[in-house]
Amino acid sequence: MINLIDGIDAIDVSTGGVVNDVKIDIYPGYQVNYTEIIKNKTGIKTIAGGLITNLEMCKSIINSNQADLVFLGRKLLRNPYFVLNSDEEKEWPKPYLRAKK
Numbered sequence: 000m001i002n003l004i005d006g007i008d009a010i011d012v013s014t015g016g017v018v019n020d021v022k023i024d025i026y027p028g029y030q031v032n033y034t035e036i037i038k039n040k041t042g043i044k045t046i047a048g049g050l051i052t053n054l055e056m057c058k059s060i061i062n063s064n065q066a067d068l069v070f071l072g073r074k075l076l077r078n079p080y081f082v083l084n085s086d087e088e089k090e091w092p093k094p095y096l097r098a099k100k
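Under numbering that gives the first Met the number 0, read the sequence shown as residues 0 to 100, first letter to last.
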C-alpha cells in the first residue's frame, strides 16, 4: 500500500481530457480500468465515471469491486431525475413519495 496523507476518503478518478494533444479512446466506462488500478494499488475507495449511462453498468462496476462509487456526470445534467425514473420497481424514499408520478 502507498502511504498517503491521512484524511483521504476517496479518489474521484478522471483521465482529465484537458491536454490538447492527447487522444483518449472514449467508450462507455472508459475510465473504469484506471479507477480499478488506483483502488487496488492504494486501498483507497474510488469513484468511477466515463460515459456511464445506465444503472446496470453502475451495478456491475460496484458488484465487481472495480470502484466503490460511480458518478454519472453528463447523464444527470441532461436528466436530473434519471435514477428515480430508471427503476420503477424500487421503493422510493418516504420524503419523495408525494413527488412520484
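Ideal Cβ placement from N, Cα and C applies to all residues, glycine included.
In the three-state DSSP reduction, T41 falls in the helix class (H, G or I).
According to the DSSP assignment, I60 belongs to the alpha helix (DSSP H) that extends over L54 to N62. Comparing alpha carbon positions, the residue from V21, A47 and D67 closest to G28 is A47. Residue environment: I51 is assigned as buried (16 or more neighbouring CB atoms within 10 Å of its CB, all protein chains considered).
Contact between the stretch 18-34 and the stretch 48-67 is present: 3 or more CB-CB pairs across the two stretches fall below 8 Å. Annotation for F81: the continuous alpha helix (DSSP H) segment containing it runs F81 to S85. Bridge pairing for V31: absent [DSSP].
Taking 8 Å as the upper bound for CB-CB distance, D8 and K44 are in contact here, some 7 Å apart.
When rounded, the separation of the alpha-carbon atoms in G42 and I10 is 10 Å.
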